[in-house]
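Numbering (the working numbering), first residue to last: 688 to 810. Down below is the structure, laid out as structure tokens.
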Amino acid sequence: MGATSQQTLGALGETLAAGFLKKRGYKILRRNYECVFGEVDIIARDREELVFVEVKSRGSLSMGVPVESVTPRKRAQIIKCAKFFLKRHVTQDVACRFDVVSVLFLPDGRSVIELIRGAFEEE
Numbered sequence: 688m689g690a691t692s693q694q695t696l697g698a699l700g701e702t703l704a705a706g707f708l709k710k711r712g713y714k715i716l717r718r719n720y721e722c723v724f725g726e727v728d729i730i731a732r733d734r735e736e737l738v739f740v741e742v743k744s745r746g747s748l749s750m751g752v753p754v755e756s757v758t759p760r761k762r763a764q765i766i767k768c769a770k771f772f773l774k775r776h777v778t779q780d781v782a783c784r785f786d787v788v789s790v791l792f793l794p795d796g797r798s799v800i801e802l803i804r805g806a807f808e809e810e
């Protein structure tokens with residue numbers, strides 16, 4: 688799969704993930720938030736918590752399940768972005784959480800979406 692196909696798959700996965708989260712009561716605040724430390728796919732509010740969401744999409748399981756690709760390095764990058772976002776955009780203390788949404792596209796055109804709440808935390 689070329690870079691363009693993977694980018695398209697990723698963008699579609701992020702759109703599906705945002706809809707999935709909205710249906711579960713999350714309020715989407717930002718998508719594709721970029722800062723000097725990298726990017727966070729989705730920033731949302733789930734009740735009283737601010738949630739930083741990494742979306743991982745795959746077209747098959749040949750490379751493993753999507754969530755397996757959220758490496759320690761990627762988690763550290765998301766945490767740095769979250770801290771940057773909090774310093775720049777949040778004026779009061781707020782509880783934060785890091786979720787992962789896994790999107791698997793099946794050959795028949797359907798998709799399987801899984802939410803892992805509190806998938807990781809700052810170490």
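We treat Cβ as the ideally placed atom computed from N, Cα and C, and that holds for glycine.
Excluding five sequence neighbours on each side, which residues of the same chain lie with their C-beta closer than 6 Å to the C-beta of residue i?
| i | result |
| --- | --- |
| TYR713 | ALA731, ASP733 |
Determine the burial state of residue i: buried for a count of at least 16 other Cβ atoms within 10 Å of its Cβ, exposed for fewer.
| i | result |
| --- | --- |
| LYS822 | Only positions 688 to 810 of the chain appear in the structure, and residue 822 is not among them; the question remains open. |
| GLU741 | buried |
| VAL757 | buried |
Spatial neighbours of residue i within its chain, please: CB distance less than 7 Å, with the 5 preceding and 5 following residues excluded, ordered by chain position.
| i | result |
| --- | --- |
| ASN719 | GLU726, ASP728 |
| ALA705 | ILE715, ARG718, ILE729 |
Going along the chain, which residues of its own chain have a beta-carbon closer than 8 Å to the beta-carbon of residue i, five neighbours each way excluded?
| i | result |
| --- | --- |
| GLY689 | Note that GLY689 scores 47 on pLDDT, short of 50, meaning its location in the model is unreliable and no value can be drawn from it. |
Since residue i and residue j should fall inside the 8 Å C-beta cutoff, what is the C-beta to C-beta distance between them, to a whole number of angstroms?
| i | j | result |
| --- | --- | --- |
| ALA806 | VAL790 | Contact doesn't hold; Cβ gap of about 14 Å is too wide. |
From residue i to residue j, what distance separates their C-alpha atoms?
| i | j | result |
| --- | --- | --- |
| ALA769 | LEU793 | 32 Å |
| PHE772 | GLY746 | 31 Å |
| HIS776 | VAL799 | 33 Å |
| LYS709 | LEU703 | 10 Å |
| PHE785 | GLU810 | 12 Å |
Unbroken stretches of the alpha helix (DSSP H), 4 residues or longer, contained in the region 722-784: The qualifying runs are 759-776.
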